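**Q** Provided herewith is a single structure, encoded as structure tokens, for subsequent inquiry.
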Amino acid sequence: MSEQRVLSGPIPPIDAEAPTDVQTATFALG
Amino acid sequence: MGYAGGTKKNPTYHDLGDHAETIEVDFDPRRVTYDELLEVFWTNHNATRRPWSRQYASIIFVHDDEQARLARESKERFEATLGRRVYTEIVPYENFTLAEDYHQKFRLRGHHDVAAEYLSIYPRLQDFVNSTAVTRVNGFLGGCGSCLQLDADLPKLGLTSGTGSALRSAVCGR
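From first to last, the protein sequence lines stand for chains E and Y. Note that the first sequence covers residues 1 to 30 in the numbering used here. Note that the second sequence covers residues 31 to 204 in the numbering used here.
And the structure:
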């Protein structure tokens, strides 16, 4: 997913060091 | 939260087809590694039990070769530690369908005043789901993080003072 996706919205991101390398993990936990 | 792993188009909670209930997490690898997320995965469900149904399968959907390698190695370590078979599948990520709005940020939705304020700030479901503030508060209300951490975060969460106080009572009063 893109950085854009994570940083969208009117409230600035928490821990606002804007990540440059956002990765995605996907799990089904039973 | 959503559905993945199957072939049915446009799955819904009541018509899931061959998909499994799935969570998707965007993360900054400088702050948390994929290996650490895998540890959270193993310790938050019972992967040694044969799944009741496809809906409740244990699956790691890998996004690239590196995730595939780390997932395989992690599963091998986990199985060796337990000395038992682990039923978790490791499959390539293909598609993920976002679940209906009432499934998103479930712990937060149980606190109607806080949820209502965030839903007014983020009227679009996708923005609500992607907000780091909403995600953080959902975690606090789900029992993760301390009252001290909440106090440090509160000014950054975008809530009015009244709703912030209600959140603080819910998190710190338990």
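C-beta: ideal position from N, C-alpha, C; glycine also. Computed from a predicted structure; not experimentally measured.
Measure from the alpha carbon of Y:Thr63 to the alpha carbon of each residue in E:Ile14, E:Ile11, E:Pro13 and E:Thr24, then state which is nearest.
**A** The option with the nearest alpha carbon to Y:Thr63 is E:Thr24.
**Q** Candidates Y:Cys177, Y:Val144 and Y:Ser150: which alpha carbon is nearest Y:Asn168's?
**A** Here the closest residue by C-alpha is Y:Val144.
**Q** Is it the case that the CB of Y:Val164 approaches a heavy atom of the ligand ZN more closely than 7 Å?
**A** The ligand ZN is not part of this structure, which contains no ligands at all.
**Q** Does chain E have any CB closer than 8 Å to the CB of Y:Lys135?
**A** No, no contact with chain E.
**Q** With 16 as the cutoff for other CB atoms within 10 Å, does Y:Thr52 come out buried or exposed?
**A** Y:Thr52 comes out buried.
**Q** DSSP has Y:Pro122 in a bridge; who is on the other side?
**A** The partner list for Y:Pro122 (beta bridge, DSSP) reads Y:Val92.
**Q** Taking only beta-carbon positions, decide if Y:Ile151 is within less than 8 Å of chain E.
**A** True, the Cβ-Cβ gap to chain E drops below 8 Å.
**Q** Distance, Cα to Cα, Y:Leu184 vs E:Asp21?
**A** So the alpha carbons of these two residues sit roughly 26 Å apart.
**Q** By the criterion of Cβ-Cβ separation under 7 Å, what are the contact partners of Y:His75 in chain E?
**A** Those are Leu29 and Gly30, listed as they occur along chain E.
**Q** Got a sec? Which residues, its chain only, sit under 8 Å from Y:Ala98 by beta carbon, not counting five neighbours each side?
**A** Same-chain partners within the cutoff: Val92, Ile120 and Pro122.
**Q** What are the residues of the region 47 to 67 of chain Y that lie near chain E, defined by any Cβ-Cβ distance shorter than 8 Å?
**A** Of all residues in the region 47 to 67 of chain Y, Ala50, Glu51, Thr52, Ile53, Glu54, Val55, Asp56, Phe57, Asp58, Pro59, Arg60, Arg61, Tyr64 and Leu67 have a Cβ within less than 8 Å of some Cβ in chain E.
**Q** Based on the DSSP output, what are the partners of E:Gln23 in its beta bridges?
**A** Y:Phe57, per the DSSP bridge assignment.
**Q** Near Y:Leu180, what residues of its chain come up, given a Cβ to Cβ distance below 6 Å and the 5 sequence neighbours on each side ignored?
**A** Excluding residues within five positions, the ones whose Cβ falls inside 6 Å are Phe170 and Val201.
**Q** List the residues of chain E that Y:Pro81 touches, going by C-beta distances under 8 Å, in chain order.
**A** Residues of chain E passing the Cβ test: Gly30.
**Q** So, does the CB of Y:Gly36 fall closer than 8 Å to a CB anywhere in chain E?
**A** With 8 Å as the cut-off, Y:Gly36 does not count as an interface residue toward chain E.
**Q** Nearest chain E C-beta to Y:His141 closer than 8 Å, yes or no?
**A** With 8 Å as the cut-off, Y:His141 does not count as an interface residue toward chain E.
**Q** Would Y:Tyr152 be called buried (16 or more neighbouring beta carbons within 10 Å of its own) or exposed?
**A** By the 10 Å Cβ count, Y:Tyr152 comes out buried.
**Q** Please state whether the Cβ-Cβ distance between Y:Arg80 and Y:Tyr33 is less than 8 Å.
**A** No, these two residues do not count as a Cβ contact at 8 Å.
**Q** Could you give the C-beta distance for Y:Arg205 and Y:Thr78, rounded to a whole number, given that I count them as a contact under 8 Å?
**A** As displayed, chain Y neither begins before 31 nor continues past 204, which places residue 205 of chain Y out of reach and without an answer.
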